[in-house]
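What follows is a set of notes on a single structure, which appears directly below.
In this note's numbering, the protein residues as written are 19 to 177.
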């Protein structure tokens with residue numbers, strides 16, 4: 019049996035980012051990041067603290083980043099983040115989200131080691147959902163994010 023040859027069209031990760039889209043553009047971005055196994059790990063208080071502390075520290079790490087709303091759900095997070103491309107060396111949305119995912123993963127793994135806990139495997143889902151928020155839809159997007167926990171609770175109460 020012959021070994022498979024590398025085919026760059028077949029053997030690469032496909033991005034869900036839009037080709038040609040400038041993800042450093044000055045704008046507000048609605049982002050959703052999910053946990054890999056869809057487990058309700060974000061109900062763990064220590065992990066919620068890590069997620070929030072890392073979120074709050076992003077503007078110190080990246081010039082041109084302004085935080086808006088942020089909500090932690092049992093297996094994903096929603097937030098709006100503003101990027102300003104007029105600053106020197108503005109980060110892309112992917113760089114900011116990648117750093118957030120990396121920093122939270124490292125902090126969580128350190129907590130797991132120090133508390134002698136078991137870890138179920140990969141932490142974050144590989145990709146993230148993003149949507150550029152235009153000013154007319156900003157208030158509705160904020161409400162969607164902020165009301166998301168209440169909607170989940172209502173759904174659970176109906177079950």
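Beta carbons are placed, not taken as given, at the ideal position from N, Cα and C, and that holds for glycine.
query: Residue 123 and residue 97 - do their beta-carbons sit closer together than 8 Å?; result: no
query: Residue 46 lies in the beta strand (DSSP E); which residues open and close that run?; result: 45-52
query: Looking at the unbroken alpha helix (DSSP H) that takes in residue 73, where does it start and where does it end?; result: 63-79
query: Could you give the distance in angstroms between the alpha-carbon of residue 128 and the alpha-carbon of residue 170?; result: 30 Å
query: Just to confirm my understanding: we take residue 130, look at its own chain, exclude 5 residues before and 5 after, and list those with CB closer than 8 Å. What are they?; result: 136 and 137
query: Can you name the residues that DSSP bridges to residue 101?; result: 45 and 83
query: Would you call residue 147 buried or exposed, if buried means 16 or more other Cβ atoms sit within 10 Å of its Cβ?; result: exposed
query: Based on DSSP bridge pairs, tell me the residues matched to residue 147.; result: 50
query: Mapping the DSSP letters down to three states, classify residue 141 as helix, strand or coil.; result: coil
query: Could you give the distance in angstroms between the alpha-carbon of residue 132 and the alpha-carbon of residue 168?; result: 33 Å
query: Does the Cβ-Cβ distance between residue 85 and residue 95 come in under 8 Å?; result: no
query: So does residue 85 have its beta carbon nearer than 7 Å to some heavy atom of the ligand SAH?; result: The ligand SAH is absent from the structure shown, which contains no ligand whatsoever.
query: Do residue 81 and residue 103 have their C-beta atoms within less than 8 Å of each other?; result: no
query: When you compare the CB positions of residue 151 and residue 51, do they come within less than 8 Å of one another, or not?; result: no
query: Taking the alpha carbon of residue 159 as the reference point, which residue from 109, 93, 88 and 112 has its own alpha carbon closest?; result: 88
query: Quick check: is the beta carbon of residue 79 nearer than 8 Å to any beta carbon in chain C?; result: Included in the structure is just one protein chain, with no chain C present.
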